[in-house]
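Working notes, beginning with the structure itself.
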Amino acid sequence: MKDVSIIYVNYKTKEITLNSISSVIQHTKGITYEIILVDNNSKDGTVEETKERFPEVIVVESDKNLGFAGGCNLGSKYANGKYILFLNTDTILIDNSIKLMFEFMEKNKEYGAIGVLLVDDKNNITQSWGDFLPFSKGIKEFGILPILPKSVREKLSKQTKSFEEFENKFFKGKDVMEVDYIIG
1108 MKDVSIIYVN YKTKEITLNS ISSVIQHTKG ITYEIILVDN NSKDGTVEET KERFPEVIVV
1168 ESDKNLGFAG GCNLGSKYAN GKYILFLNTD TILIDNSIKL MFEFMEKNKE YGAIGVLLVD
1228 DKNNITQSWG DFLPFSKGIK EFGILPILPK SVREKLSKQT KSFEEFENKF FKGKDVMEVD
1288 YIIG
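Using my numbering, the first residue of the sequence shown is number 1108, and each one after it goes up by one.
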(Lines of atoms letter the chains of each structure in order from A and count residues from 1; the text may use other names and numbers.)
(Lines give C-alpha, C1' and ligand atoms only; values in the text may rest on other atoms or scores of the structure.)
Protein backbone atom coordinates (compact mmCIF):
# COMPACT_ATOMS: atom_id res chain seq x y z
CA MET A 1 0.00 0.00 0.00
CA LYS A 2 1.25 3.48 -0.87
CA ASP A 3 1.14 6.29 1.67
CA VAL A 4 -0.88 8.61 -0.59
CA SER A 5 -2.91 8.24 -3.79
CA ILE A 6 -2.95 11.55 -5.67
CA ILE A 7 -5.94 11.85 -7.98
CA TYR A 8 -6.30 14.41 -10.75
CA VAL A 9 -9.43 14.89 -12.85
CA ASN A 10 -8.61 16.44 -16.21
CA TYR A 11 -10.76 17.90 -18.95
CA LYS A 12 -8.81 19.77 -21.62
CA THR A 13 -6.17 21.17 -19.26
CA LYS A 14 -3.14 19.43 -20.74
CA GLU A 15 -0.35 21.94 -20.07
CA ILE A 16 -1.37 22.85 -16.52
CA THR A 17 -1.95 19.18 -15.69
CA LEU A 18 1.51 18.20 -16.93
CA ASN A 19 3.06 21.09 -14.98
CA SER A 20 1.22 20.01 -11.83
CA ILE A 21 2.30 16.38 -12.17
CA SER A 22 5.88 17.54 -12.67
CA SER A 23 5.69 19.65 -9.50
CA VAL A 24 4.37 16.68 -7.50
CA ILE A 25 7.24 14.48 -8.66
CA GLN A 26 9.80 17.23 -8.03
CA HIS A 27 8.53 18.24 -4.58
CA THR A 28 7.33 14.98 -3.01
CA LYS A 29 10.04 13.12 -1.13
CA GLY A 30 10.18 10.72 1.80
CA ILE A 31 6.80 9.02 1.28
CA THR A 32 5.41 6.51 -1.17
CA TYR A 33 2.72 7.74 -3.52
CA GLU A 34 0.92 7.01 -6.73
CA ILE A 35 -0.50 9.49 -9.20
CA ILE A 36 -3.81 8.69 -10.88
CA LEU A 37 -4.95 10.88 -13.76
CA VAL A 38 -8.58 10.55 -14.79
CA ASP A 39 -9.06 12.01 -18.25
CA ASN A 40 -12.67 13.02 -18.96
CA ASN A 41 -12.47 12.36 -22.71
CA SER A 42 -10.39 15.49 -23.40
CA LYS A 43 -9.05 14.44 -26.80
CA ASP A 44 -6.38 17.14 -26.49
CA GLY A 45 -3.31 14.93 -26.24
CA THR A 46 -3.20 14.87 -22.43
CA VAL A 47 -3.39 11.08 -22.23
CA GLU A 48 -0.64 10.47 -24.78
CA GLU A 49 1.75 13.08 -23.42
CA THR A 50 1.21 12.00 -19.81
CA LYS A 51 2.00 8.38 -20.71
CA GLU A 52 5.09 9.50 -22.61
CA ARG A 53 6.50 11.94 -20.02
CA PHE A 54 5.34 10.18 -16.86
CA PRO A 55 5.08 6.42 -17.42
CA GLU A 56 4.65 5.89 -13.66
CA VAL A 57 1.30 7.75 -13.69
CA ILE A 58 -1.81 5.58 -13.77
CA VAL A 59 -3.92 7.03 -16.58
CA VAL A 60 -7.63 6.25 -16.49
CA GLU A 61 -9.48 7.18 -19.67
CA SER A 62 -13.21 7.85 -19.48
CA ASP A 63 -15.21 7.56 -22.68
CA LYS A 64 -17.29 10.59 -21.62
CA ASN A 65 -16.96 13.67 -19.44
CA LEU A 66 -18.03 12.52 -15.98
CA GLY A 67 -17.51 15.94 -14.41
CA PHE A 68 -15.31 16.47 -11.37
CA ALA A 69 -17.27 14.32 -8.91
CA GLY A 70 -17.63 11.47 -11.39
CA GLY A 71 -13.92 11.67 -12.19
CA CYS A 72 -13.08 11.53 -8.47
CA ASN A 73 -15.28 8.46 -8.09
CA LEU A 74 -13.61 6.75 -11.04
CA GLY A 75 -10.10 7.62 -9.84
CA SER A 76 -10.88 6.42 -6.32
CA LYS A 77 -11.55 2.94 -7.68
CA TYR A 78 -7.88 2.72 -8.69
CA ALA A 79 -6.46 4.20 -5.47
CA ASN A 80 -4.35 2.01 -3.20
CA GLY A 81 -3.03 4.66 -0.84
CA LYS A 82 -3.61 4.92 2.88
CA TYR A 83 -4.81 8.45 2.11
CA ILE A 84 -6.36 9.99 -1.00
CA LEU A 85 -5.44 13.50 -2.12
CA PHE A 86 -7.73 15.08 -4.72
CA LEU A 87 -5.50 17.60 -6.43
CA ASN A 88 -6.73 20.19 -8.90
CA THR A 89 -4.83 20.22 -12.18
CA ASP A 90 -3.72 23.85 -11.73
CA THR A 91 -1.91 23.10 -8.45
CA ILE A 92 1.83 23.71 -8.30
CA LEU A 93 3.44 22.29 -5.18
CA ILE A 94 6.12 23.99 -3.15
CA ASP A 95 8.29 22.45 -0.48
CA ASN A 96 7.27 18.90 0.41
CA SER A 97 3.58 19.69 0.94
CA ILE A 98 2.18 16.19 0.49
CA LYS A 99 4.64 14.69 2.98
CA LEU A 100 3.69 17.42 5.48
CA MET A 101 -0.01 16.56 5.06
CA PHE A 102 0.75 12.85 5.41
CA GLU A 103 2.76 13.40 8.59
CA PHE A 104 0.02 15.61 10.05
CA MET A 105 -2.62 12.94 9.43
CA GLU A 106 -0.39 10.23 10.91
CA LYS A 107 0.17 12.26 14.09
CA ASN A 108 -3.43 13.50 14.44
CA LYS A 109 -5.69 10.46 14.16
CA GLU A 110 -8.67 12.46 15.46
CA TYR A 111 -8.91 14.25 12.09
CA GLY A 112 -10.84 12.58 9.30
CA ALA A 113 -9.88 15.05 6.57
CA ILE A 114 -7.78 18.16 6.12
CA GLY A 115 -7.52 21.02 3.68
CA VAL A 116 -4.52 23.17 3.01
CA LEU A 117 -3.69 26.84 2.60
CA LEU A 118 -3.34 28.05 -0.95
CA VAL A 119 -0.56 30.43 -1.88
CA ASP A 120 -0.82 32.55 -5.03
CA ASP A 121 2.03 33.38 -7.41
CA LYS A 122 2.96 36.42 -5.27
CA ASN A 123 3.28 34.21 -2.16
CA ASN A 124 0.05 35.54 -0.60
CA ILE A 125 -2.18 33.13 1.30
CA THR A 126 -5.46 32.73 -0.55
CA GLN A 127 -8.66 31.62 1.14
CA SER A 128 -10.14 28.56 -0.54
CA TRP A 129 -13.23 28.24 1.60
CA GLY A 130 -16.11 30.23 2.99
CA ASP A 131 -18.70 29.94 5.75
CA PHE A 132 -21.68 31.57 4.10
CA LEU A 133 -23.26 28.40 2.74
CA PRO A 134 -26.22 27.51 4.96
CA PHE A 135 -26.65 24.14 3.27
CA SER A 136 -23.05 23.06 3.81
CA LYS A 137 -23.07 19.59 5.31
CA GLY A 138 -19.74 18.33 4.08
CA ILE A 139 -19.14 15.45 1.73
CA LYS A 140 -22.81 14.83 0.82
CA GLU A 141 -23.18 18.27 -0.77
CA PHE A 142 -19.72 18.87 -2.18
CA GLY A 143 -17.99 15.53 -2.39
CA ILE A 144 -14.67 17.33 -2.10
CA LEU A 145 -12.21 16.48 0.65
CA PRO A 146 -8.60 17.25 -0.20
CA ILE A 147 -7.01 14.42 1.80
CA LEU A 148 -8.91 11.53 3.28
CA PRO A 149 -7.68 8.45 5.15
CA LYS A 150 -8.68 5.06 3.80
CA SER A 151 -10.51 4.09 7.02
CA VAL A 152 -12.67 7.24 6.89
CA ARG A 153 -13.13 6.81 3.14
CA GLU A 154 -14.49 3.30 3.68
CA LYS A 155 -16.91 4.46 6.41
CA LEU A 156 -18.15 7.36 4.26
CA SER A 157 -18.54 5.22 1.17
CA LYS A 158 -20.89 2.91 3.10
CA GLN A 159 -22.98 5.93 4.11
CA THR A 160 -22.90 8.04 0.95
CA LYS A 161 -22.05 5.47 -1.73
CA SER A 162 -19.81 7.95 -3.58
CA PHE A 163 -19.40 11.60 -4.38
CA GLU A 164 -22.57 13.21 -5.67
CA GLU A 165 -22.66 13.28 -9.45
CA PHE A 166 -24.90 15.24 -11.76
CA GLU A 167 -25.36 15.42 -15.47
CA ASN A 168 -24.00 18.71 -16.72
CA LYS A 169 -26.81 20.02 -18.93
CA PHE A 170 -26.49 23.69 -18.05
CA PHE A 171 -22.99 24.85 -18.95
CA LYS A 172 -19.86 23.82 -20.75
CA GLY A 173 -16.36 23.93 -19.26
CA LYS A 174 -15.44 26.90 -21.43
CA ASP A 175 -18.38 29.10 -20.37
CA VAL A 176 -17.59 32.16 -18.25
CA MET A 177 -19.98 32.43 -15.35
CA GLU A 178 -20.27 34.02 -11.94
CA VAL A 179 -20.18 31.59 -9.04
CA ASP A 180 -20.85 31.93 -5.32
CA TYR A 181 -18.27 29.49 -4.02
CA ILE A 182 -15.20 27.64 -5.22
CA ILE A 183 -12.61 25.47 -3.54
CA GLY A 184 -9.03 24.83 -4.59
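All C-beta atoms, glycine included, are put in the ideal place defined by N, C-alpha and C.
Quantities reported herein were computed from a predicted structural model and do not represent experimental measurements.
Can you give me the start and stop residues for the alpha helix (DSSP H) that ASN1126 sits inside?
Translated into positions along the sequence shown, residue 1126 becomes position 19. ASN1126 -> alpha helix (DSSP H) spans 1121 to 1134.
Nearest to GLY1137 by alpha carbon, out of VAL1154, ILE1205, THR1157 and LEU1125?
As a first step, residue 1137 is located in the sequence shown; it is residue number 30 there, counting from the start. Nearest C-alpha to GLY1137: ILE1205.
Got a sec, what are the start and stop residues for the alpha helix (DSSP H) SER1204 sits in?
Numbered from its first residue, the sequence shown carries residue 1204 at position 97. Segment 1204 to 1214, the alpha helix (DSSP H) holding SER1204.
Kindly indicate which residue of TYR1118, ILE1132, ILE1232 and LYS1214 has the alpha-carbon position closest to the one of SER1169.
Here residue 1169 is taken as the residue at index 62 of the sequence shown, counted from 1. Of TYR1118, ILE1132, ILE1232 and LYS1214, the residue nearest in Cα terms is TYR1118.
If you measure between the beta carbons of TYR1190 and VAL1145, is that distance less than 8 Å?
Taking the sequence shown and counting its residues from 1, one reaches residue 1190 at position 83. Taking the sequence shown and counting its residues from 1, one reaches residue 1145 at position 38. Their beta carbons are not under 8 Å apart, which means TYR1190 does not touch VAL1145 by this criterion.
What are the boundary residues of the alpha helix (DSSP H) that includes GLY1175?
Here residue 1175 refers to the residue found at position 68 of the sequence shown. The residue you asked about is not Gly; residue 1175 is Phe in the sequence shown. Residues 1174 to 1183.
How is THR1233 classed by DSSP in three states: helix, strand or coil?
Residue mapping note: residue 1233 aligns to position 126 of the sequence shown, counting from 1. Strand at THR1233.
Reduced DSSP secondary structure (H/G/I, E/B, other) of VAL1145:
Along the sequence shown, read from residue 1 onward, the residue named residue 1145 stands at position 38. Assignment of VAL1145 by DSSP, reduced to helix, strand and coil, places it in the strand class.
For the segment 1148 to 1160 and the segment 1180 to 1189, state whether three or more C-beta atom pairs, one from each stretch, are separated by less than 8 Å.
no
Alpha carbon of TYR1218 to alpha carbon of LEU1207, nearest angstrom:
To locate residue 1218, count along the sequence shown from 1; it is residue 111. To locate residue 1207, count along the sequence shown from 1; it is residue 100. Approximately 15 Å, taken between the alpha carbons.
LYS1247 burial status per 10 Å Cβ neighbour count (16 or more: buried)
Position 140 of the sequence shown, counting from 1, holds the residue named residue 1247. Low confidence applies to LYS1247: its pLDDT is 42, below 50, so where it sits in the model is not reliable enough to give any reading.
Are there three or more Cβ pairs, one per stretch, closer than 8 Å when the segment 1212 to 1227 is compared with the segment 1124 to 1137?
no
So THR1157 and LEU1200 are in contact, right, with Cβ under 8 Å, and what is the actual spacing, rounded?
In the sequence shown, counting from the first residue as 1, residue 1157 sits at position 50. In the sequence shown, counting from the first residue as 1, residue 1200 sits at position 93. Contact doesn't hold; Cβ gap of about 17 Å is too wide.
In whole angstroms, what is the alpha-carbon distance linking CYS1179 and PHE1193?
Here the question's residue 1179 lines up with position 72 in the sequence shown. Here the question's residue 1193 lines up with position 86 in the sequence shown. The alpha-carbon of CYS1179 is positioned some 7 Å away from that of PHE1193.
Taking buried to mean at least 16 other C-beta atoms within 10 Å of its own C-beta, is VAL1167 buried or exposed?
The residue labelled residue 1167 in the question sits at position 60 within the sequence shown. VAL1167 should be labelled buried.
DSSP three-state call for LEU1168: helix, strand or coil?
Against the sequence shown, residue 1168 aligns to sequence position 61. In the sequence as displayed, the identity of residue 1168 is Glu instead of Leu. Correct three-state label for GLU1168: strand.
Per the DSSP calculation, LYS1150 is bridged to which residue(s)?
As a working note, residue 1150 is residue 43 in the sequence shown. Answer is none; LYS1150 lacks a bridge partner.
For LYS1109 and TYR1140, which I take to be in contact (beta-carbon distance under 8 Å), what is that distance rounded to the nearest angstrom?
Along the sequence shown, read from residue 1 onward, the residue named residue 1109 stands at position 2. Along the sequence shown, read from residue 1 onward, the residue named residue 1140 stands at position 33. At roughly 6 Å, the Cβ-Cβ gap stays under 8 Å, so LYS1109 and TYR1140 are in contact.
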